[in-house]
Each structure stands twice: as structure tokens, then as C-alpha cells.
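Going by our numbering, the first residue of the sequence shown is number 255, and it counts up by one from there.
Notes follow the structure.
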Amino acid sequence: MQPFRLRLDARQWFKDLRDQRVFKTDFDAFYFCFIAGVTVKRKEAVPLDETAELVAYFPDRYSGRGKLLVGLFLKSELEVLGVSMDERPEVHSAIAHLVSPDAPNFLSDEGVREFNKYAHGGYEQLIEWFEDRPRSLETFLRAYKRRVDAAISGATSGLAHS
């Protein structure tokens, strides 16, 4: 079973929030990276030796939201793969490769690898969005929400014009 993985440079980037004990686990940093990546559909492959192994399940406060996070992942992944929801056999095939209902994180090994790529790409997105690493959670959250909302609005308005 593949674990979630956090880029070492992302771990360092969130250092102040971890040191202040605002982040209880490294999965908090992983979550922010993942949401940024899945929002803008940005994926990056990163060598294993440049990542830290986390856990193979959704920990603590994320356990009740695991299926929602997997749903966001699948929606983005199907769009990236160019699979329309109208193409039922293709949707089923793509999801079957990514999901494992009996796994603690609901993902196959391939699914975890792709899920991690969104977190890795999300870190790259955070670097573009922010001039400096976060020093306070309150300031970071406000700016993060604005950027995620803008990315969602941009994607939505882009669809409206096509």
C-alpha cells in the first residue's frame, strides 16, 4: 500500500506553521498542497528521495473528509485524462485503476501516486502564488482562500466562454 508523500521542500516551506504547532502533522501541509494542485489541475512527478513518507490513510481531522478528497481527485483526474462523464465505460475504467474501496485511503497504489502528484504540483502552485513561505496561519489562510477561489472562478468563467 502506497503512502501519501510530502515534498521535502514543501515540508520546509511550511516550517514556521509546524514549529508554531499550528500544523499538528505534516498531512496539514500535504492537504494545502493537494487542494492547490487539484484546483488548478497541476501535477508534478517528484523522485521518492525528495519526499517524506506520510501515512497510507487520511489521519485525524481528515478521516471524515477522505471520500470528499478522493472525489475531488477523481473529478480532476478524469478532466486531465479527457474523459467525459457521458463516456460511462471510460469513466468506469479510469476510476477502477485509481480506486480501491477496501484501502484505508480508498485509493489503489496508482491512485495514491497520482494523488501525490497533485500535492507535488500544488506546492509548485503555492510557490507561484506566494512570495514567501507562510509565517502565520491567519494571513496564509486568507490569501490561500482568495487564490483558490480565483482559480475556481477562472476555471468556471473559462467554461462559460467556451
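In this text, a Cβ means the ideal position worked out from N, Cα and C, and glycines have one as well.
Computed from a predicted structure; not experimentally measured.
DSSP lists no bridge partner for E298. Residue state for A264 is assigned as helix, using DSSP reduced to three classes. Nearest in C-alpha terms to P358, of all of Y311, L322 and S338, is Y311. DSSP places E331 in the helix class (H, G or I) of the three-state scheme. Excluding the 5 residues flanking it on each side, K269 has same chain C-beta neighbours closer than 8 Å at R387, in chain order.
In this structure G376 is buried. Its beta-carbon is surrounded by 16 or more other beta-carbon atoms within 10 angstroms. The three-state secondary structure of A306, taken from DSSP, is strand. One thing to note: L352 has its Cβ within 8 Å of the Cβ of E331. Going by DSSP, R367 is part of the alpha helix (DSSP H) stretching over D363 to W383. The C-alpha of V366 lies about 6 Å from the C-alpha of Q256.
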